[in-house]
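Here the structure is laid out as structure tokens; the discussion comes afterwards.
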Amino acid sequence: MKTGYSIKTWRMRLFCPHNDWLVKTEAYYREVLNFYYGLLLQREELWNNSLFQIQRELEILTVAGRDGRQPECPLPFSKVPVYFRRSAINKAAAAVKSAASKDCGTIVNNPEILNKGVQENIEEERAQFPSDIQATVTFFKGMYRNLSDQGIQLKLWNGEKWCWAECTLSGRDFPEDGTLMSPVLVKEKNWYMLHIPVKQENKDARNAKERMAAGERICSVRFTNTDTFAMCCVLVGDGSLEAVQNCRGGDAYRHHCRQLLDKINKSRVYTDKDNSSRPNKKYYTHLRNLSEHYAHQVSSEIVDFCKKQNAGIVVLPIYNEDFSKMSLYKSGNFSPLHLSSRIRSFLKYKAWAEGILVLEVRAEGVGKTCAVCGGKVKQKGKMFQCENGHEGNRYLNDARNLGVKCQESFKKNSIQNFE
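Count along the sequence shown from 1, add 16, and you get the number used in the numbering used here.
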């Protein structure tokens with residue numbers, strides 16, 4: 017079986033005995049970064065190279081060689097550790113390549129720019145690049161050591177020299193089977209955080225065709241705007257129903273959001289005339305945290321259900337863009353259905369980390385037929401009744417039809433490829 021990997025980011029609170037060193041290290045990092053960024057803007061011939069090739073060329077341009085070779089553009093800084101320098105070069109190269117790819121598309125699709133001369137094109141293109149980069153510090157190996165879920169040693173600039181600082185970390189424990197990657201220093205409000213990517217092995221990296229050909233069980237999902245966030249059902253290879261999971265909590269989520277919105281509306285009488293740039297900030301922060309909590313809860317519940325039932329594929333419904341926008345608009349910003357977009361994004365990376373693949377299937381027409389017999393149905397609130405007498409939960413019926421539609425599409429493709 018093919019294997020792969022997934023990367024999740026652990027957010028850890030950083031406690032450093034020298035916060036002023038963190039500030040100086042950030043400032044120094046941005047100076048080095050913007051030096052290389054400015055140099056890259058002048059070396060357009062390097063833009064199409066790989067990040068490793070760009071790093072090599074820039075080091076030749078700026079660092080003296082062991083054989084006595086003098087650099088063409090020496091660094092205007094006295095002490096820059098090699099891995100600190102390479103981290104900055106990496107960020108600068110990524111920024112230039114990203115901006116160049118966007119601006120090339122803009123220029124190609126803009127007749128006014130294309131009609132100008134070559135030199136004018138270049139000047140127009142470079143004018144669209146940001147003047148500098150305010151990037152966060154990424155600590156490459158050599159700039160940190162002894163990383164654990166309890167603490168880390170960071171090499172920091174104190175304004176005169178580089179010193180090792182013993183820092184402590186607070187947050188959830190790292191997984192035992194995870195590989196810890198380069199941490200990133202991020203300032204949030206008045207404190208510092210370390211964002212640490214953790215790489216874990218994915219034991220099943222098969223694609224959808226391979227899974228369907230092997231008769232993999234699928235978990236089909238239907239999002240609703242009721243107390244049920246998501247109605248899930250597991251189907252076996254022949255389309256028969258194996259298990260059902262009702263992910264509840266929509267009414268509680270809606271109720272908590274309504275309470276917070278009421279508080280915001282009541283306080284507007286007193287906050288509208290405040291000088292604060294963001295009045296009622298604490299309530300809006302609470303709303304955001306509440307949404308993330310429920311989105312994580314539901315997405316985890318779906319993944320746990322798939323693991324319990326040995327389902328290797330999750331099938332989610334997609335609709336045309338106009339229908340989706342209208343549905344989300346009518347449901348309201350703080351509703352179970354509106355939260356489904358966030359649940360989707362969380363579900364995709366959580367499922368892949370467990371070796372489960374997420375597919376999206378067009379959902380038009382899944383509510384018009386009975387999943388048991390294929391007869392036409394009439395919907396009555398949360399229930400349905402078909403012309404042959406079958407009845408039940410219409411969201412479950414939709415989920416079953418969506419799953420069968422996914423299975424049939426793969427069967428048709430396999431038959432056509434065989435023919």
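Think of the CB as a built atom: it goes at the ideal place given N, C-alpha and C, for glycine as much as any other residue.
The structure presented is a predicted model; accordingly, all values stated were derived computationally and were not measured.
- In its chain, beyond the 5 residues on either side, no residue has a beta carbon closer than 7 Å to the beta carbon of D36.
- Measuring C-alpha to C-alpha distances from W368 to each of S347, E258, R222, G265 identifies R222 as the nearest.
- K177 is the residue among K177, D165, G158 whose C-alpha sits nearest the C-alpha of F93.
- According to the DSSP assignment, I212 belongs to the beta strand (DSSP E) that extends over 207-218.
- A direct Cα-to-Cα measurement between Q423 and V237 gives close to 14 Å.
- Here S340 carries a helix assignment [DSSP, helix/strand/coil].
- About 32 Å separates the CB atoms of V200 and F245; that is not less than 8 Å, and the two are not in contact.
- In the three-state scheme derived from DSSP, where H, G and I count as helix and E and B as strand, V260 is classed as strand.
- C-alpha of E42 to C-alpha of V79: approximately 22 Å in a straight line.
- A distance below 7 Å between beta-carbons, with the five flanking residues on each side excluded, links Y99 to the following residues of its chain, in chain order: F156, K157, G158, M159.
- Taken in chain order, the unbroken stretches of alpha helix (DSSP H) that lie wholly in the segment 305-369 and span 4 residues or more are 337-347, 356-369.
- Buried is the label assigned to H354, since at least 16 other Cβ atoms lie within 10 Å of its Cβ.
- As computed with DSSP, S236 is found in a beta bridge with C249, V331.
- The straight-line gap separating the alpha-carbon atoms of L332 and D189 is approximately 31 Å.
- In this structure the segment 324-338 touches the segment 224-242; the number of beta carbon pairs closer than 8 Å is three or more.
- In this structure, DSSP gives E182 an extended state, which the three-state scheme calls strand.
- Taking all protein chains shown into account, P352 has 16 or more neighbouring C-beta atoms within 10 Å of its C-beta and is therefore buried.
- DSSP, reduced to helix, strand and coil, places R29 within a strand of the structure shown.
- Within the same chain, and ignoring the five residues on either side of G187 in sequence, the residues whose Cβ sits closer than 8 Å to its Cβ are W26, R27, M28, R29, D165.
- Ranking G408, E337, S103, K396 by CA distance to the CA of R378 puts E337 first.
- In the DSSP assignment, G408 falls outside any alpha helix (DSSP H) and within the unbroken beta strand (DSSP E) covering 407-409.
- Between L196 and L170, the C-beta gap is not smaller than 9 Å, which leaves the two residues out of contact.
- Just measuring C-alpha positions, the residue of K282, E308, V260 sitting nearest A415 is V260.
- For M159, there is no enclosing alpha helix (DSSP H), as DSSP marks it with neither H nor E.
- Taking N413 as reference, the option from G383, W207, R101 with the minimal CA-CA separation is G383.
- Per DSSP, M197 has no beta-bridge partner at all.
- Contact between G371 and D220 holds: their C-beta atoms lie close to 3 Å from each other, under 8 Å.
- Rounded to whole angstroms, G266 and Q150 show a C-alpha spacing of 40 Å.
- For E226, the uninterrupted alpha helix (DSSP H) segment begins and ends at 224-229.
- Spatial neighbours of K392 in its own chain (CB-CB distance under 6 Å, excluding positions within 5 residues in sequence) are listed in chain order as E403.
- Counting other Cβ atoms within 10 Å of its Cβ, S307 reaches 16 or more and is therefore classed as buried.
- About 6 Å separates the Cβ atoms of E73 and L62, confirming a contact at the 8 Å cut-off.
- By the CB criterion at 9 Å, A116 and Y53 fall outside the cutoff.
- The criterion of a C-beta distance shorter than 9 Å is satisfied by C179 and L172.
- Around the CB of E192, fewer than 16 other CB atoms lie within 10 Å, so the residue is classed as exposed.
- The three-state reading of DSSP puts R416 in helix, counting H, G and I together.
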